[in-house]
Amino acid sequence: MENLKKQIEDLVEKVNLYSYHYHVLDKPIVSDKDYDIAYYKLLELEKKTGYILPNSPTQRVGDMVSNKFQKHNHEVPLLSLDKAQSIPELKEWYEKIIDEYPNQTFTVEYKFDGLRLALIYENGLLVNASTRGNGYIGEDVTAQVKTIRTVPLSIPFKKRIIVEGEGIMLLSELNKFNEQSHDVLLKNARNAVAGSIRNLDPKITASRNLDFFAYGIPYIEDFNFKTQVELRQFLIDNKFLVSDFFVSTNNFNIISDTIKKVDNERENLDILIDGLVIKVNDINIRNQLGWTIRFPKWALAYKFEALEVTSVVKNVIWQVGRTGKLTPLAILEPVEIAGATVKRATLNNWDDIIRKQVKINSLVFLRRSNEVIPEILGLAQEFENSKEIIKPEYCPCCGTKLENRGVHLFCTNETGCAAQLKERIIHFCSRNAMNIEGIRDKTVDLFFDKLKLRTVDQLYNLTKEQLKELEKFKDKKSKNIINSIEKSKNIEFERFIYALGIGNVGIKTAKDLAKNFKNFENLKCATIEQLVIIEDIGEIVAQSIVDYFSNDYYKNIYNKLFEYGVNIIYKDKNKQDNGVFADKVFVLTGTLPTLSRNEATKIIEDNGGTVSSTVSKMTDFVLVGEEPGSKYQKALNLNIKILNEAEFLSMLND
Ligand code: IVH
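What the sequence shown shows, in our numbering, is residues 4 to 657, in sequence order.
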C-alpha cells in the first residue's frame with residue numbers, strides 16, 4: 004500500500020505539472036497521449052486504493068450537483084474600481100498622486116470583462132473559491148472553479164493567501180462552443196463565464212473551457228510585497244496564469260500611448276476586455292493613499308467604449324448573392340459601437356436565426372469586429388410586439404421558388420435573377436478580381452437598367468459613347484472606365500479564376516487552383532478526384548468547380564471573354580517553386596529599417612512566397628517593423644512566427 008501511495012503522489016505531481024505546462028504556460032511538455040496515460044493510471048490507482056489527494060487532477064470535476072449556492076463572506080472586502088473615460092480625467096488622477104508622491108511608477112493591466120473571483124489557499128491547497136458578489140458577500144463556487152485548468156489546485160506557497168482575478172472565456176472558445184452546440188447558445192463572453200461558473204452543476208462549468216487570470220492578492224500571511232511587479236512575479240512563481248500584457252512606467256505619455264494602442268487593437272484580442280487598469284506600483288504608497296468605502300484611491304479603471312452593445316432589430320431583409328445564396332441582414336435601430344454608427348448586422352443563415360432566437364422588434368447583442376458588418380450574437384430581450392421572422396419561400400428579387408441546401412436557402416434562377424446577375428458583375432470588377440475601377444454597386448445598377456448589361460463578357464463590348472449617354476457620366480469618367488476595362492484584359496491566372504465567381508471559390512482557393520492546374524485548359528477539365536487531393540479543397544468546393552465548368556451558360560461567358568481579348572498571364576513559376584519562400588505566406592506590418600514595403604514584397608514573391616494583407620491561420624510569417632499595427636498582436640495570438648528584417652534577410656541565405 005505504501006508503494007501505491009507513493010505512486011499516486013508521484014502521478015499527481017506529474018499530471019499537475021503536465022497540465023500547468025499545457026494550460027498556463029501554453030507549452031506542453033508531453034503529448035496528449037502521454038498525458039492521458041498518466042491521468043488514467045492515476046484514476047485507476049485512486050479507485051483501487053481510495054487514496055485521493057485533495058490536489059489530485061481527478062478532483063477537478065466533482066459529481067456533486069447542489070441545489071443552491073452557499074453564501075461566502077469576504078474577510079477582505081473586494082472593492083470596486085473608480086473609473087476614467089478620458090485621458091484628461093486619467094491625467095488629473097495621475098497628477099494628484101504625483102504631486103504628493105513624486106516619481107511614482109504605475110502599472111497598466113488589462114481590465115478583464117469576466118467574472119471576478121477570490122481564491123483561498125491554505126497549506127498550499129485551494130480550499131475555497133467565491134464570486135465577488137457585492138464585494139462583501141459572494142457565492143461559494145469552489146466546485147465550479149476547481150474545474151478551471153488554469154486555477155492551480157495546489158501552490159508552492161504554504162501559508163494562507165487570497166488570490167483574486169478574473170474568470171474568463173476566450174472568444175475562440177466561445178465561438179468553438181457555439182459552433183458545436185445546437186441547444187445552448189452563449190451570447191457573449193461575459194455572460195458565458197458568469198453562466199458557466201454560477202451553474203450548480205460543475206460538469207457544465209468543466210465543459211466550457213474557462214480560464215482564470217490572476218491580478219491581485221488581497222491577503223497574504225507573513226509576507227510582504229514592495230510592488231505590483233513583485234506581486235505579479237509571485238503569482239507566476241506560484242503557478243497562476245497572468246496576462247502577458249503588463250506595462251510598468253513612470254511616464255504618463257507611455258500610459259496614454261498604451262491606452263490608445265490597446266484600444267485600437269482590442270478587436271483582435273482573444274480576450275474580452277473593457278478597459279485598462281492603472282495601478283500605483285509601490286505598495287507602501289498605496290497604503291498611504293488608502294481607500295474610500297467603495298474603491299482604492301491607488302488604482303483607476305480606464306474604460307473603453309463597449310465593443311458589445313444591444314439594439315433593436317427593426318426588420319430582416321434577404322440579400323441574394325452571386326451564387327443565388329440568400330443571406331439575412333438585420334436592419335437595426337442605429338446604435339453607436341465604439342465610435343461607429345451601426346445600422347445593419349448579419350445573421351448568417353436561417354438556422355442562425357432560429358438558434359439565436361432573433362425576432363423582429365427584439366433586443367439583440369451585437370459585437371463589432373474587424374468585419375465591416377457586425378454580427379448578432381444572440382437575443383437579449385423579447386417584447387410584447389416581438390414577432391417571428393418569416394422564412395422566405397420565394398426569391399425577394401425574382402420570385403423564383405427557393406431551394407433548401409443544407410443550412411442555406413438558394414434562388415435557382417441563375418440566368419434570370421437580376422440580383423445574381425448584378426452581384427456577379429460587381430464581383431468580377433472587384434479589386435481582387437479583374438480590378439476594373441469605377442464599376443461598383445451603383446454603376447452596375449445603372450449599366451443593368453440602361454445598357455442592359457447582363458453578363459461580364461458584355462463589359463468588353465461597352466463603348467465610351469454608350470457611357471457618355473448616361474446621367475452624370477462625363478467624358479473623363481467614361482474614358483477612365485473604358486481604359487480600366489481595357490487594362491483588365493491582361494489578367495493573372497489566379498485573379499481570373501477568382502473573378503469567375505465560382506461558388507465557394509475565394510482568393511485562397513483560386514490561388515491553389517492556379518498553382519495546381521497551371522493553365523485554364525487543365526482547370527476546366529478538372530475532375531472531383533483531381534480537385535479533392537488539393538489540400539483545403541473538400542468535396543463541396545470540388546463539386547462547385549466541376550458544376551461551373553460543365554454549365555453551358557458559364558462556358559459561353561468565359562469563351563466570349565477570351566474572344567473579346569481577355570488574356571491570362573501565367574507567372575514563370577519554375578524559378579519560384581524552388582525559391583526559399585516557396586508556398587510561404589507572409590504578412591507585413593510596421594516600418595522596416597531598410598527595406599520598403601514594395602522591396603520586401605518583391606523579395607518574397609521572387610523567392611516563391613506570397614504576401615497577404617490579413618493574418619490568419621494560413622500565414623506562415625509576419626515580418627514586423629517599427630510601430631507594427633494590430634496584425635502583430637493577431638500574429639502573437641495565433642502563435643505565428645514573427646520575423647524582423649535581419650531574420651528575414653538571413654533566411655535568404657539559408
Ligand atoms: S484590481 C481593489 N485589476 O474590474 C481593486 N481589477 O470595476 C482590485 N478587473 O470587478 C481590482 N481586470 O472584475 C483589478 N487587472 C485588473 C482587473 C480588475 C478586471 C475588474 C474586476 C472588478 C472591476 C472593477
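Note that beta-carbon positions come from the ideal geometry of N, C-alpha and C, so glycine has one too.
Bear in mind that the values here come from a model prediction, so they are computed numbers and not experimental data.
Taking a contact to mean a Cβ-Cβ separation below 7 Å, would you say residue i touches residue j in this structure?
i: G278; j: K114; result: yes
i: T150; j: P205; result: yes
i: S246; j: F216; result: yes
i: R347; j: L369; result: no
i: Q636; j: N271; result: yes
i: V68; j: A209; result: no
i: R371; j: L310; result: yes
i: V625; j: I645; result: yes
i: V280; j: E112; result: yes
i: N131; j: I123; result: yes
i: V283; j: Q73; result: no
i: D85; j: F298; result: yes
i: E49; j: I40; result: no
i: S365; j: I439; result: no
i: F520; j: I571; result: no
Within the continuous beta strand (DSSP E) that includes residue i, where are the two ends?
i: Q322; result: E311 to V323
i: C414; result: H411 to C414
i: R408; result: L405 to R408
i: K620; result: No beta strand (DSSP E) holds K620; DSSP gives it neither H nor E.
i: P221; result: D214 to I223
Span of the alpha helix (DSSP H) holding residue i?
i: F523; result: F523 to K527
i: A638; result: S633 to N640
i: N493; result: Element bounds for N493: not the alpha helix (DSSP H) but the beta strand (DSSP E), N493 to E495.
i: G582; result: From DSSP, G582 is part of no alpha helix (DSSP H); its letter is neither H nor E.
i: E468; result: K467 to K471
i: Q236; result: Q231 to D240
i: K36; result: D35 to T52
i: I488; result: D478 to K490
i: I200; result: A192 to I200
i: L56; result: Neither: L56 is in no alpha helix (DSSP H) and is coded neither H nor E.
i: N570; result: Not the alpha helix (DSSP H): N570 falls in the beta strand (DSSP E), residues N570 to I572.
i: E602; result: R600 to D609
Helix, strand or coil: which one does DSSP assign to residue i?
i: N76; result: strand
i: T261; result: helix
i: Y113; result: strand
i: V166; result: strand
i: K455; result: coil
i: F298; result: coil
i: V338; result: strand
i: Y104; result: coil
i: D266; result: helix
i: F243; result: coil
i: D713; result: Only positions 4 to 657 of the chain appear in the structure, and residue 713 is not among them; the question remains open.
i: K511; result: helix
i: P91; result: helix
i: R434; result: coil
i: V68; result: coil
i: S133; result: strand
i: Q461; result: helix
i: E378; result: strand
i: I392; result: coil
i: F249; result: strand
Give the straight-line distance between the Cα atoms of residue i and residue j, rounded to the nearest whole angstrom.
i: A146; j: E125; result: 16 Å
i: T415; j: K317; result: 28 Å
i: Y556; j: T418; result: 8 Å
i: E92; j: Y305; result: 9 Å
i: G324; j: V410; result: 15 Å
i: G441; j: K482; result: 11 Å
i: L234; j: E650; result: 35 Å
i: F237; j: I11; result: 28 Å
i: E78; j: T134; result: 13 Å
i: N181; j: F476; result: 49 Å
i: E406; j: L412; result: 6 Å
i: R427; j: V459; result: 8 Å
i: D37; j: P155; result: 21 Å
i: Y222; j: L82; result: 13 Å
i: L244; j: K620; result: 25 Å
i: I144; j: S314; result: The identity of residue 144 in the sequence shown is Val, whereas the question assumes Ile. Their Cα atoms are separated by approximately 33 Å.
Taking 7 Å as the CB-CB cut-off, is residue i touching chain D?
i: K99; result: Absence of chain D from the displayed structure is noted, only one protein chain being present.
Check whether the Cβ of residue i lies closer than 6 Å to any heavy atom of the ligand FMN, and answer yes or no.
i: G409; result: As far as ligands go, the structure on display features the ligand IVH and does not contain the ligand FMN.
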